[in-house]
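Q: From first to last, the protein sequence lines are chains A and B. Remember, the working numbering sits 6 above the position in the first sequence when you count from 1. Remember, the working numbering sits 6 above the position in the second sequence when you count from 1. Ideal placement from N, C-alpha and C gives every residue a C-beta, glycine not left out. There's a structure below that I have some questions on.
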Amino acid sequence: MPGFRALPGKAIKKGVFVSPGRITPRMRPAKERICDFKEVSLGYTEEEAVAEASRCLLCGACVKGCPVGIDIPGFIKAIQEKDFKRGYQIIKKHNLLPAICGRVCPQEAQCEAVCILGKKGDPINIGALERFLADHHADESIPRINENGHKAAIVGSGPGGLTAAFELRRAGFQVTVYEALHELGGVLKYGIPGFRLPDDVVDREIETLKKMGVEFLTSFLIGKTLTIDELLQNNDAVLIATGAGLPGYLGIPGENGIGVLLANELLTRVNLMKAYDFPRYDTPVISGKKIVVIGGGNVAMDTARVSRRMGADVVICYRREEKDMPARLEERLHAKEEGIDFQVLTNPVEILLNDEGRVRGMTLERMKITGVADDGRSRIASTKETFEIETDVVVEAIGQSPNKIIRENVEGLEFDKKGRIVVDENLKTTKDNVWAAGDIVSGAATVILAMGEAKEAARAIVEKFGG
Amino acid sequence: MRNTIVSKENLSEDVCSFIVEHPEIASHYEPGQFVIVRVHEKGERIPLTIVDADPEKGTIRLVVQGVGLTSKLMNQMKAGERLIDLLGPLGRPFHFPADAKKGLFVGGGLGIAPLYPKVKHFEGERHVILGAKDASHLILQKEMKAASFRLTLCTDDGSLGEKGLVTHAMQCLFDSGKSFDFCVAIGPLVMMKAVVEANKALGLPTFVSLNPIMVDGTGMCGGCRFDYDGEVKFACVDGPVFDGFKVNFKDLLTRSRQYEKQECRALEHYREKQSKKESL
Chain A
7 MPGFRALPGK AIKKGVFVSP GRITPRMRPA KERICDFKEV SLGYTEEEAV
57 AEASRCLLCG ACVKGCPVGI DIPGFIKAIQ EKDFKRGYQI IKKHNLLPAI
107 CGRVCPQEAQ CEAVCILGKK GDPINIGALE RFLADHHADE SIPRINENGH
157 KAAIVGSGPG GLTAAFELRR AGFQVTVYEA LHELGGVLKY GIPGFRLPDD
207 VVDREIETLK KMGVEFLTSF LIGKTLTIDE LLQNNDAVLI ATGAGLPGYL
257 GIPGENGIGV LLANELLTRV NLMKAYDFPR YDTPVISGKK IVVIGGGNVA
307 MDTARVSRRM GADVVICYRR EEKDMPARLE ERLHAKEEGI DFQVLTNPVE
357 ILLNDEGRVR GMTLERMKIT GVADDGRSRI ASTKETFEIE TDVVVEAIGQ
407 SPNKIIRENV EGLEFDKKGR IVVDENLKTT KDNVWAAGDI VSGAATVILA
457 MGEAKEAARA IVEKFGG
Chain B
7 MRNTIVSKEN LSEDVCSFIV EHPEIASHYE PGQFVIVRVH EKGERIPLTI
57 VDADPEKGTI RLVVQGVGLT SKLMNQMKAG ERLIDLLGPL GRPFHFPADA
107 KKGLFVGGGL GIAPLYPKVK HFEGERHVIL GAKDASHLIL QKEMKAASFR
157 LTLCTDDGSL GEKGLVTHAM QCLFDSGKSF DFCVAIGPLV MMKAVVEANK
207 ALGLPTFVSL NPIMVDGTGM CGGCRFDYDG EVKFACVDGP VFDGFKVNFK
257 DLLTRSRQYE KQECRALEHY REKQSKKESL
């Protein structure tokens, strides 16, 4: 991954940072934001957006880095010309969820990674520009739809499901989306916290789909409430976009003690069930003075920052070095600003419990670097040196694999050893008229990759049935 | 309309039976499965065993004991009202051992409700032992009587049937020379633990149905995990019915206390709110 050198920069005026020219949106001060769940980044003002857009050479290199192929120079040119409505329309042609992508896409590894300005200085802040248009210049108009007489069912209302719903509805399908939880949005709601992606931003995008005539059914678990075969009886095509949804765990002693949570549980309780507002909301969550989070991905960062906002001192333990963490640089920086302690090259060995079975601490071992692995990350080994730390709560954020409910309740679908659905180059599964996209196909990945795949799958469905 | 309470019956002071409309759950239900329920906009998600289903009418039956905040709130609901969310049928269906002819069914307290569908669906000889703290908490007597070959009742205070624990009644059956092919035990963790220990000594295969703390109920959060013969199992997707000999009850007992303090706090908060309302 090419270097990302934009943060932190030097202040040109109060609150606005640039490093060779790049404008970083204003952030709420760490002290203030750890007291609530409101959004951290305030986004661009019009002045900032135009200034940032004006740095762009409009070469178009970035488009190759975008999994959904947004016409990036097109919308940036529109911002340069202050024709914001046109800019928004250009994004919307390729991407239904710009307010979401502008916030949570790993631009530094995609469009911004191939930005020509990044070769000598700092790339254009494409994500912030996308968000600016989506937040301030979204129009409520919906595309004209010519019904094609076909029906499609989509399983899951996360980023993949929503994207496919948009594409298929736009092509004229009658679309029904089935969601197992009581809220729409999948990982955008239960996983990503409101301070990174506010609920109302997600709801706004879903509202557009409803206006287009997409039908949504919540509390419908496909495989249980209805089967894939039943969906096929009433639909021409079924797209499975159920995400990952089965958490991994360490398998170390003490793991079932009181005060040990898997990240999904903590995030679901806080983000979806609003446990931070208990007892005004009925769902509680275990909290403590000190919380140790195990892992180095975006989920680990989200878990740590949620816990910080619940009032805890937070330590992140990661077995490699910080540069090896899968989490976005921005998330790591925000976590550190918020006072989260990074203990790298540490590996959990045991969770220590008191007589009541409550967490009292952890034993970790120190790791050392022994070389470089094929993927560029550090190769590590144990030093055999162990140490103890005190803590009230341990949260494991060490990855996810596909949920097994569909697998156990369907015939004719092929799965690989890791439980992922096997698909061809058009994301078509081994079962007639069933396609799949997102983490259920590729393993735990990102919002935008799920969207990219969902778009591909939708295109394949439209090709087969006609748009 | 889905989630509508069609009818409600008070089984005891704090136990209510609900018939709820949901055609898809009713038609896909198999014994052993459960639902997740939410009763209001700010409410939590709680698991409830499906006691019965009528696919033709498109309804399911739920029996709720008001112990925590959500179950108490649900018991205040009336026929015609709607549960805000109802998800199911969740978990794996329970299948009796092949060729089993004689079954022993042991239910304690609220475990009597989830035990009922197992009794009803077994085609061999059904011996049923039910226990509760007193006569008013011994629910579903009529249904159980109709469904069982032989029914023994016991209460802690002796207000109905024999005075004593279900394990004592089991011992009496064993002593009289009765033998069984399997046992299903559902009730509080300590009761199931005691039944499993007694049956282990006899080598009588015993199935238990677990009801730990859950959030989503679909295998996503891992909150309902526990140790099962050295392996981690999720009660929601791997169960809820398990081989009792392999269940680590100590682990489950610890985990069942995770939210004790918060559960009390939630009830206190609710009472404060109620008394404020009343004083207005």
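Output the distance between the C-alpha atoms of A:Leu-13 and B:Met-197, rounded to the nearest integer angstrom.
A: Note that A:Leu-13 scores 40 on pLDDT, short of 50, meaning its location in the model is unreliable; the coordinates nonetheless yield the value given after this. Taking the straight line from one Cα to the other gives about 60 Å.
Q: Is there a Cβ from chain A that is less than 8 Å from the Cβ of B:Thr-224?
A: Output row for B:Thr-224: interface = yes.
Q: What residues of chain D sit near B:Ile-31, judged by a beta carbon separation below 8 Å?
A: Of the protein chains in this structure, namely A and B, none is chain D.
Q: Give me the Cα-Cα distance between A:Glu-136 and A:Ser-384, rounded to the nearest whole angstrom.
A: A:Glu-136 and A:Ser-384: Cα-Cα distance of roughly 34 Å.
Q: What residues from chain A crowd round B:Val-238, counting only those whose CB sits closer than 9 Å?
A: Residues of chain A passing the Cβ test: Tyr-255, Gly-257, Glu-261, Asn-262.
Q: Return helix, strand or coil for B:Arg-44, following the three-state DSSP convention.
A: B:Arg-44: strand per DSSP, three-state reduction.
Q: I want to see whether chain A comes within less than 8 Å of B:Ala-241, judged by CB atoms only; does it?
A: With 8 Å as the cut-off, B:Ala-241 does not count as an interface residue toward chain A.
Q: For a contact defined as C-beta to C-beta under 7 Å, what are the partners of A:Arg-275 on chain B?
A: Correct list: Val-221.
Q: Assuming B:Asn-9 and B:Leu-92 form a contact by the criterion Cβ under 8 Å, report the distance between their Cβ atoms to the nearest whole angstrom.
A: Confirmed, Cβ separation roughly 5 Å.
Q: In terms of alpha-carbon separation, which member of A:Pro-104, A:Glu-336, A:Tyr-324, A:Asn-277 lies closest to A:Ser-313?
A: Closest by alpha carbon: A:Asn-277.
Q: Going along the chain, which residues of its own chain have a beta-carbon closer than 7 Å to the beta-carbon of A:Met-279, five neighbours each way excluded?
A: Closer than 7 Å at Cβ, skipping near neighbours: Tyr-287, Thr-289.
Q: Check the Cβ of A:Ile-292 against every Cβ in chain B and list those closer than 9 Å, keeping chain order.
A: Those within 9 Å of A:Ile-292 in chain B are Gln-264, Tyr-265, Gln-268.
Q: Does the beta-carbon distance from A:Val-244 to A:Ala-159 come in below 8 Å?
A: Yes, the Cβ-Cβ distance between A:Val-244 and A:Ala-159 is below 8 Å.
Q: State yes or no: is the C-beta of A:Gly-263 within less than 8 Å of the C-beta of A:Val-378?
A: Not a contact, by the Cβ cut-off of 8 Å.
Q: Taking the alpha carbon of B:His-133 as the point to measure from, which residue in B:Val-247, B:Ala-191, B:Ala-272 has its own alpha carbon closest?
A: Looking at the Cα atoms, B:Ala-191 is the closest of the given residues.
Q: So, at 8 Å on beta carbons, what are the nonlocal neighbours of A:Ala-57 in its own chain, with the 5 sequence-adjacent residues on each side left out?
A: So the list reads Ile-29, once near-sequence residues are dropped.
Q: How should B:Asn-185 be labelled, buried or exposed, when 16 other C-beta atoms within 10 angstroms of its C-beta is the threshold for buried?
A: Sequence inspection shows Ser at residue 185 of chain B; the Asn mentioned does not correspond to that position. It is exposed - the Cβ of B:Ser-185 has fewer than 16 other Cβ atoms within 10 Å.
Q: Nearest CA to the CA of A:Arg-326: which residue from A:Glu-271, A:Gly-133, A:Ile-375?
A: Measuring from the Cα of A:Arg-326, the nearest candidate turns out to be A:Ile-375.
Q: Secondary structure at A:Arg-28, three-state DSSP: helix, strand or coil?
A: Of the three classes helix, strand and coil, the one that applies to A:Arg-28 here is strand, per DSSP.
Q: At a Cβ threshold of 8 Å, is B:Gly-228 touching chain A?
A: Interface residue, yes.
Q: According to DSSP, which residues form a beta bridge with A:Glu-327?
A: The partner list for A:Glu-327 (beta bridge, DSSP) is empty, contrary to what the question assumes.
Q: Can you check DSSP and say which residues form a bridge with B:Arg-156?
A: Partner(s): B:His-133.
Q: I want to verify the contact list: residues of chain A whose CB lies under 9 Å from the CB of B:Thr-55, in sequence order.
A: Here the premise fails: no neighbours, minimum Cβ distance about 15 Å.
Q: Considering B:Glu-274, what are the terminal residues of the alpha helix (DSSP H) in which it resides?
A: Per DSSP, B:Glu-274 belongs to the alpha helix (DSSP H) from 266-285.
Q: Could you work out which residue in B:Met-7, B:Lys-14, B:Pro-53 is closest to B:Gly-64 when comparing CA atoms only?
A: The residue with the shortest Cα to Cα distance from B:Gly-64 is B:Met-7.
Q: Which residue marks the beginning of the alpha helix (DSSP H) containing A:Thr-214, and which one marks its end?
A: Start and end: 205-218.
Q: Alpha carbon to alpha carbon, what distance is there between B:Ser-154 and A:Lys-461?
A: So the alpha carbons of these two residues sit roughly 57 Å apart.
Q: Roughly how many whole angstroms lie between the Cα atoms of B:Val-112 and B:Glu-168?
A: B:Val-112 and B:Glu-168: Cα-Cα distance of roughly 15 Å.
Q: Residues of chain B with a CB under 8 Å from the CB of A:Ile-411: which are they?
A: Chain B residues near A:Ile-411: Thr-224, Gly-225, Val-243.
Q: Can you tell which of A:Thr-369, A:Gly-472, A:Arg-202 has the C-alpha that lies nearest to the C-alpha of A:Asp-42?
A: Of A:Thr-369, A:Gly-472, A:Arg-202, the residue nearest in Cα terms is A:Arg-202.
Q: Candidates B:Leu-79, B:Asp-105, B:Val-243, B:Leu-136: which alpha carbon is nearest B:Gly-47's?
A: Inspection of the sequence shows that residue 47 of chain B is occupied by Glu rather than by Gly. The candidate whose alpha carbon is nearest that of B:Glu-47 is B:Leu-79.
Q: If you draw a straight line from the C-alpha of A:Glu-45 to the C-alpha of A:Glu-87, how long is it?
A: Going from the Cα of A:Glu-45 to the Cα of A:Glu-87 covers about 29 Å.
Q: Using a 10 Å radius around the Cβ and a threshold of 16 neighbouring Cβ atoms, would you call B:Asp-163 buried or exposed?
A: Result: exposed.
Q: Excluding the 5 residues flanking B:Tyr-276 on each side, which residues of the same chain have their C-beta closer than 7 Å to its C-beta?
A: Here the set comprises Leu-75.
Q: From what residue to what residue does the beta strand (DSSP E) around A:Tyr-184 run?
A: Here the beta strand (DSSP E) through A:Tyr-184 covers 180-184.
Q: Sort B:Arg-263, B:Ile-90, B:Leu-273 by Cα distance to A:Ile-292 and report the nearest one.
A: Checked all of B:Arg-263, B:Ile-90, B:Leu-273; the closest Cα to A:Ile-292 is B:Arg-263.
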